[in-house]
Amino acid sequence: MHGRDPSAEAFGISVVDAGPGTATVEMRVAPWMCNGLGTCHGGVVFTLADSAMAFASNGGGEVAFAVAASVDLVAPASEGDVLRATATEQWSGGRTGLYDATVTRDDGSTVAVFRGRVRRTGATVLGTTVLEGDGS
2 MHGRDPSAEA
12 FGISVVDAGP
22 GTATVEMRVA
32 PWMCNGLGTC
42 HGGVVFTLAD
52 SAMAFASNGG
62 GEVAFAVAAS
72 VDLVAPASEG
82 DVLRATATEQ
92 WSGGRTGLYD
102 ATVTRDDGST
112 VAVFRGRVRR
122 TGATVLGTTV
132 LEGDGS
């Protein structure tokens, strides 16, 4: 899936570990990711956490996409920081899944706490190929 994710690639997001219901991704904060205050833009932090959820929710082989998400930004990150997001499935029922993710700096301190909800489509993910499902 990562090879087909130009957004993750543009942000320099790499997959550290991924499997059914869990994933860890990381990226280094580049200068262009910083806001006018000199800290990493909250949208960039959100993108990292959302990417972790994407890899976790698709890790079981069924296509899933985010339908809702929120993030609490609890501490700033700076240019050069390596941020790591770990997402874990908290609940699954029918075609819906709930995921929590924590974003940390390379020193282990928490930058953000994320919660997201996904919808599963019924299509199958095989490597970098999505096979057609019923789409409902």
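Residues 2 to 137 (my numbering) make up the sequence shown, in order. Using N, Cα and C, we set each Cβ at its ideal position, and we do this for glycine too.
If residue i sits next to residue j, beta carbons under 8 Å apart, how far is it from one beta carbon to the other, in whole angstroms?
i: Val16; j: Phe56; result: 6 Å
i: Ala53; j: Ala86; result: 4 Å
i: Ala65; j: Val119; result: 4 Å
Quick one: what does DSSP say residue i is sitting in, helix, strand or coil?
i: Val68; result: strand
i: Asp51; result: helix
i: Gly20; result: strand
i: Val30; result: coil
i: Ser15; result: strand
i: Ser110; result: coil
i: Ala88; result: strand
i: Gly134; result: Below a pLDDT of 50, predicted positions are generally treated as unreliable, and Gly134, at 45, falls in that range; the measurement from the model is reported next regardless. Gly134: coil per DSSP, three-state reduction.
i: Val75; result: coil
i: Gly117; result: strand
Leaving out five residues on either side along the sequence, give the residues of the same chain with a beta carbon under 8 Å from the beta carbon of residue i.
i: Thr89; result: Gly22, Thr23, Ala57, Tyr100, Asp101, Ala102
i: Leu74; result: Gly43, Val46, Val112, Ala113
i: Gly61; result: Pro21, Gly22
i: Asp108; result: none
Leaving out the 5 sequence neighbours to the left and right, which residues in its chain are closer than 6 Å to residue i when beta-carbon positions are compared?
i: Glu63; result: Arg121
i: Asn36; result: His42
i: Ala19; result: Phe56, Gly60
i: Pro77; result: Thr40
i: Gln91; result: Leu99, Asp101
i: Pro32; result: Glu80
Given a cut-off of 8 Å, decide if residue j and residue i are closer than it, judged by their beta-carbon atoms.
i: Arg5; j: Ala70; result: no
i: Ser110; j: Val30; result: no
i: Phe12; j: Thr40; result: no
i: Val83; j: Glu27; result: yes
Any beta carbon of chain C sitting closer than 8 Å to that of residue i?
i: Asp108; result: Although the question refers to chain C, the structure presented lacks it and comprises just one protein chain.
Going along the chain, which residues of its own chain have a beta-carbon closer than 7 Å to the beta-carbon of residue i, five neighbours each way excluded?
i: Met34; result: Cys41, His42, Val45
i: Val68; result: Arg118, Val119, Arg120
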